[in-house]
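Report on one structure; see the data block that follows.
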Amino acid sequence: MPSWKIHDKWAEKMGIPVEYSKKVNEVIDFSKEGHDRAMRDPDTLISQSSKLRGEYGDDRIVKAYFLHLYLDEMARFMHTCSIHRGHKESWKNINADDVVTWSKGMRSIWTPNRGYGKIFKEVNDFIERNRKEIFSDIKEEILRKRKST
Numbered sequence: 001m002p003s004w005k006i007h008d009k010w011a012e013k014m015g016i017p018v019e020y021s022k023k024v025n026e027v028i029d030f031s032k033e034g035h036d037r038a039m040r041d042p043d044t045l046i047s048q049s050s051k052l053r054g055e056y057g058d059d060r061i062v063k064a065y066f067l068h069l070y071l072d073e074m075a076r077f078m079h080t081c082s083i084h085r086g087h088k089e090s091w092k093n094i095n096a097d098d099v100v101t102w103s104k105g106m107r108s109i110w111t112p113n114r115g116y117g118k119i120f121k122e123v124n125d126f127i128e129r130n131r132k133e134i135f136s137d138i139k140e141e142i143l144r145k146r147k148s149t
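Using this note's numbering, read the sequence shown as starting at 1 and increasing by one per residue.
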């Protein structure tokens with residue numbers, strides 16, 4: 001998964017206060033439900049995002065929440081593809097457009113019809129506009145981690 005540094009960077013670029021991003025990082029990555037549980041369980045997603053919205057009274061915290069999940073999905077796909085395709089040649093057939101397209105399919109549980117449609121669309125549009133730079137950030141981090149191991 002991307003480092004919290006990447007999550008915070010992209011939250012700030014989206015106009016989300018960094019303290020919101022930091023709170024979301026903790027909720028998603030260290031929740032009692034388990035790390036990234038919301039990515040697999042719609043009830044956890046709704047419960048966590050609703051609790052954050054209630055606690056902060058600001059839709060930007062929900063944007064930070066969806067952005068975090070989206071970035072995690074992108075990183076998971078990129079990491080998996082690069083391993084399966086071999087370390088040296090791994091990036092030749094993976095591009096930002098493919099990652100965004102795949103991530104859209106994986107987000108089917110993140111239903112925008114539960115009161116978050118507008119927020120979800122804003123996050124999705126932001127990712128679409130910035131996909132190449134986000135892809136580059138995540139790729140650099142994956143390669144850096146591999147070199148250090």
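Think of the CB as a built atom: it goes at the ideal place given N, C-alpha and C, for glycine as much as any other residue.
Asked, Found
"Residue burial classification, Asn95 (beta-carbon count within 10 angstroms, cutoff 16)", "exposed"
"Complete alpha helix (DSSP H) runs within the stretch 26-66 (minimum length 4 residues, chain order)", "42-56"
"Local conformation of Gly117 per DSSP, three classes", "helix"
"Length of the line joining the Cα atoms of Tyr65 and Arg129", "18 Å"
"Distance CB(Pro2)-CB(Arg60) smaller than 8 Å", "no"
"Distance between Asn124 and Leu45 (C-alpha atoms, nearest Å)", "16 Å"
"Simplified DSSP state of Asn95, which is helix, strand or coil", "coil"
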